[in-house]
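J.:
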Amino acid sequence: MPQPYSLNTYSLQPKYLQPLQMSIQAIHIRKTFGNYTALEDVSLEVPDGKLVSLLGPSGSGKTTLLRILAGLDFADPGSNGKVLFHGEDVTATQAGKRGVGFVFQHYALFKHMTVADNIAFGLRSMKRSERPDKAAIHARVNELLQLVQLDGLQKRYPSELSGGQRQRVALARALAVNPKVLLLDEPFGALDAKVRKDLRRWLRTFQEEIKVTTIFVTHDQEEALELADEVVVMNNAKIEQKGPPQQVYDRPVSPFVIEFLGNVNRFTAGVSGKAGDKPKDVLYVRPHDVELEPEGSETHEYSLKAKVQHIFSAGNYGRVRLERVGTHEPFEAEVPRERLRELELAPGKVVSVVFRHVRLFPKGEFLEADIKDGKLAV
Amino acid sequence: MPSIISRFRTDKVPKTQSAISEPRWMRYTLMGLAAGFLLFFLLIPLFSVFFEAFRRGIPAFIATFEDENALAAIRLTLTVALICVPVTTVFGLAAAWAITKFSFRGKSLLTTVIDLPFAVSPVIAGLIFVLIFSGTHGWLGPWFESQGIRVIFALPGIVLATMFITLPFVARELIPLMQSQGRDEEYAALTLGASGWRTFLRVTLPNVKWGLFYGLILCNARAMGEFGAVAVVSGNIKGMTSTMPLYIETLYFEYATVPAFALSSILTLLALLTLVLKNIIEWKAGG
């Protein structure tokens, strides 16, 4: 098998021997569709070999950014947006010459071709002088099918495969031409929950093996947090925050990020709800930072009275839906099962609620605090 | 011993399984009405065509095709179809491609204009070409005449009129098909390094091949059967500019019933063949 098509070319460059190189750089990307701004001066850098997730709600611009990186779309003419792969300016390069592997949400497999022909398509599209011979293509297809654990399905048609299998074929097809970067557009979006979970774990180990720089778009925060080395949260045509998953989850920089990543309760008025309280900043509390106490133990500004609405427990934790007495604000608490039993919780019961940890965004800043003795401990 | 299951069996099973059920008399009236229409307007005429064609026996039927003028009409009809179908196919592909894959000014106008031949009476379509190409009083006719090219009352006029009528057939089949398929497969081919031409040949075309083929046979059936527009531009000169439908009419008015129906039966067979092919295609495309 000729060297240039071997998968081993990826593993020949151990990451630790090299300075942190940027595989993908997008600089000042602006994109408008008529009056609609899809991307507003977005810049992004992706280090070599990393798995990065673009996370955001639909309409946030994440897919547009991915398509611009792939060369399927282009930044506004006249804006000075640039796309660089490994330092090389590819802004004006056609999609086919950028060396990207692109995987679509709905697979986009060629329906009338077998699995083998699908995977071989990129190799057969090469210039005659660069194209590997028949035997090499055949070997490469088999190797890729083994890699995505679908060996033996060479002769099948896409319609004869399950969703998860189709997406793995799409991945193999994208990898066949040894792309410099791999771009995945909501790769698990069309799959059902169980397959999605399996496939994303598989993709994580797979990416670690082949070490090709990968960006994937998703609107599923759980997926992004579990899978990515780095999460880029997008909203309203802009990047809200980027960083390692733990950091983005623990230290969200804006109300949007905290609301988008995981469940969170928001309280708008003064927390204790006493008469004469002026509305304060919005206070965010994660359900696991809500503690329940027997009625009558609310003692300070960051505690309140609430009525239990609904209890559901799966595993060690129970999810309790509550309604604040007085304001009827609904919120959620995550309580250990044991605690549920101790408190003898049941719908209709009134309890005291204490917040362990809160987040505030006064005047656009971020304030995170533990509650100690009824005071914010900043 | 009765099984446990039987205890759960309901005694009364509703007679109809369908959620929508009409009274019996209504169902039979509607079915009868449909069957009646089918019989009177389709089956009897269809039968009568073949009945009349073979009324005087097989030799009389065959004699029709020994008539020089009949053969000339068949030849002309085939020639016209042979020119029109490829041209319409190329136009249809180009128009469908442009409309579904790009956004440009006047796109909705183009989509509407493609339907014009469906909306306009074929006689008017014929007259348009007479107005443009007539040798004596057309806009462009005298110039073509001076170049020694006869358009009206000749093959070019017949081809033009037929082309006008059949223009929408392929495009109309392809546009909804291409719209529903989206562009993802083509984008995928593009990112894999395929050229535009290769993408078209290996990805776009195979995806629309059955729709294309269906549009093609419909277009062919219409090209061979068109009467109104061709009657206006051709002048209906026996043995020269008389197509099959025109010659059938001539024969009929000359009381040559058997030859008229014999030729008709050929066109009818074409129609039946078209329907059979259509069904095969739908079955293939669906499976």
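These protein sequence lines map, in sequence, to chains A and B. In terms of the numbering used here, the first sequence is numbered consecutively and its last residue is 903. In terms of the numbering used here, the second sequence is numbered consecutively and its last residue is 288. Idealized CB from N, CA, C, for every residue including glycine.
Give the C-beta separation of Ala232 of chain B and Ile176 of chain B to the nearest angstrom, bearing in mind that I take them to be a contact with Cβ-Cβ under 8 Å.
T.: The pair is not a contact, with the Cβ atoms about 30 Å apart (cut-off 8 Å).
J.: Here's the rule: buried if 16 or more other CB atoms are within 10 angstroms of the residue's CB, otherwise exposed. What is Gln180 of chain B?
T.: By the neighbour-count rule (16 or more Cβ atoms within 10 Å), Gln180 of chain B is not buried but exposed.
J.: Using only CA atoms, which one of A:Arg555, A:Phe880, A:Leu672 and A:Glu863 lies nearest to Glu734 of chain A?
T.: Glu734 of chain A has its Cα closest to that of A:Leu672, out of A:Arg555, A:Phe880, A:Leu672 and A:Glu863.
J.: Looking at Leu817 of chain A and Val878 of chain A, is the spacing between their C-beta atoms short of 9 Å?
T.: Against a cut-off of 9 Å, the Cβ pair of Leu817 of chain A and Val878 of chain A comes out as a contact.
J.: Given a cut-off of 9 Å, decide if Ala600 of chain A and Thr616 of chain A are closer than it, judged by their beta-carbon atoms.
T.: Result yes, Cβ atoms of Thr616 of chain A and Ala600 of chain A sit closer than 9 Å.
J.: Considering only the alpha carbon of each residue, which of B:Gly107, B:Asn237, B:Ala230 and B:Tyr215 lies closest to Leu276 of chain B?
T.: Cα-wise, what sits closest to Leu276 of chain B is B:Tyr215.
J.: Can you tell me which residues form a DSSP beta bridge with Leu885 of chain A?
T.: BP columns for Leu885 of chain A point to A:Leu808 and A:Leu892.
J.: What did DSSP end up calling Glu854 of chain A once you bin it into helix, strand or coil?
T.: Glu854 of chain A: coil per DSSP, three-state reduction.
J.: Please report the residue range of the alpha helix (DSSP H) in which Ile166 of chain B lies.
T.: Looking at the DSSP string, the run of the alpha helix (DSSP H) that includes Ile166 of chain B is Leu156 to Thr167.
J.: List the residues of chain A that Asp68 of chain B touches, going by C-beta distances under 8 Å, in chain order.
T.: In chain order: nothing, as chain A lies at least about 47 Å away.
J.: In the segment 63-97 of chain B, which residue ranges form an unbroken beta strand (DSSP E) of at least 3 residues, counting only runs that do not cross its ends?
T.: Listed in chain order, there is nothing to give.
J.: With distances taken Cα to Cα, identify the nearest neighbour of Thr244 of chain B among B:Thr167, B:Ala73 and B:Arg25.
T.: Thr244 of chain B has its Cα closest to that of B:Ala73, out of B:Thr167, B:Ala73 and B:Arg25.
J.: Threshold first: 4 residues or longer. Then list the alpha helix (DSSP H) segments lying entirely within the segment 655-727 of chain A, N to C.
T.: Counting only runs of 4 or more, we get 659-672 and 688-700.
J.: Rounded to a whole number of angstroms, what is the C-alpha to C-alpha distance between Leu870 of chain A and Arg864 of chain A?
T.: For Leu870 of chain A and Arg864 of chain A, the distance between alpha carbons rounds to 9 Å.
J.: Given a limit of 7 Å on CB to CB distance, which residues of the segment 647-664 of chain A reach chain B?
T.: Those residues of the segment 647-664 of chain A that come within reach of chain B (Cβ to Cβ, closer than 7 Å) are Gly647, Ser650 and Met651.
J.: Any C-beta of chain A sitting closer than 9 Å to the C-beta of Glu186 of chain B?
T.: Taking Cβ atoms only, chain A reaches closer than 9 Å to Glu186 of chain B, which makes this a yes.
J.: Provide the residue(s) that pair with Tyr561 of chain A in DSSP beta bridges, ordered along the chain.
T.: Note: Tyr561 of chain A sits in a beta bridge opposite A:Phe558.
J.: Specify the secondary structure class of Gly240 of chain B as computed by DSSP and reduced to three states.
T.: Looking at Gly240 of chain B - three-state DSSP - the assignment turns out to be coil, as it is neither helix nor strand.
J.: Which parts of the segment 579-662 of chain A are runs of the alpha helix (DSSP H), unbroken and 4 residues or longer, counting only runs that do not cross its ends?
T.: With a minimum length of 4 residues, the continuous alpha helix (DSSP H) runs that stay inside the segment 579-662 of chain A are 587-595 and 640-649.
J.: So what's Val773 of chain A in DSSP terms, helix, strand or just coil?
T.: Looking at Val773 of chain A - three-state DSSP - the assignment turns out to be helix.
J.: Under DSSP, the alpha helix (DSSP H) around Phe119 of chain B begins and ends at which residues?
T.: Leu117 to Ala120 is the extent of the alpha helix (DSSP H) around Phe119 of chain B.
J.: Which of the residues in the segment 225-248 of chain B, read from start to end, lie with their CB under 9 Å from any CB of chain A?
T.: So nothing in the stretch comes that close.
J.: Grab me the residues of Lys705 of chain A's own chain with a C-beta within less than 6 Å of its C-beta, minus the 5 sequence neighbours each way, in chain order.
T.: The residues are Phe610 and Gly624.
J.: Starting from the C-beta of Asn667 of chain A, find all residues in its chain whose C-beta is less than 8 Å away, skip the five residues before and the five after it, and write them out in chain order.
T.: Excluding positions up to five away in sequence, the list reads Asp676 and Gln679.
J.: Is there a Cβ from chain B that is less than 9 Å from the Cβ of Lys799 of chain A?
T.: Residue placement at Lys799 of chain A cannot be trusted, given a pLDDT of 45 that sits under 50; the coordinates are not used to answer.
J.: Going by DSSP in three states, Pro819 of chain A sits in which element: helix, strand or coil?
T.: Reduced to three states, the DSSP call for Pro819 of chain A is coil.
J.: Give me the chain A residues within the contact set of Val204 of chain B, using Cβ-Cβ distance strictly less than 7 Å, ordered along the chain.
T.: Phe635, listed in chain order.
J.: In its own chain, which residues sit with a C-beta less than 7 Å from the C-beta of Met868 of chain A, not counting the 5 before and 5 after it?
T.: Looking at the sequence shown, residue 868 of chain A is not Met but Leu. Excluding positions up to five away in sequence, the list reads Leu817, Pro819 and Val876.
J.: When the cut-off is 9 Å and only beta carbons count, does Gln619 of chain A lie next to chain B?
T.: Taking Cβ atoms only, chain B reaches closer than 9 Å to Gln619 of chain A, which makes this a yes.
J.: Across which residues does DSSP place Met245 of chain B in a beta bridge pair?
T.: DSSP output for Met245 of chain B lists no bridge partner at all.
J.: Do the CB positions of Phe77 of chain B and Ile159 of chain B come within less than 9 Å of each other?
T.: Looking at the sequence provided, one finds Leu at residue 77 of chain B rather than Phe. Closer than 9 Å, so yes.
J.: Quick one: what's got a C-beta closer than 6 Å to Gln674 of chain A's C-beta in the same chain, skipping five residues either side?
T.: Cβ neighbours of Gln674 of chain A beyond the five flanking positions: none.
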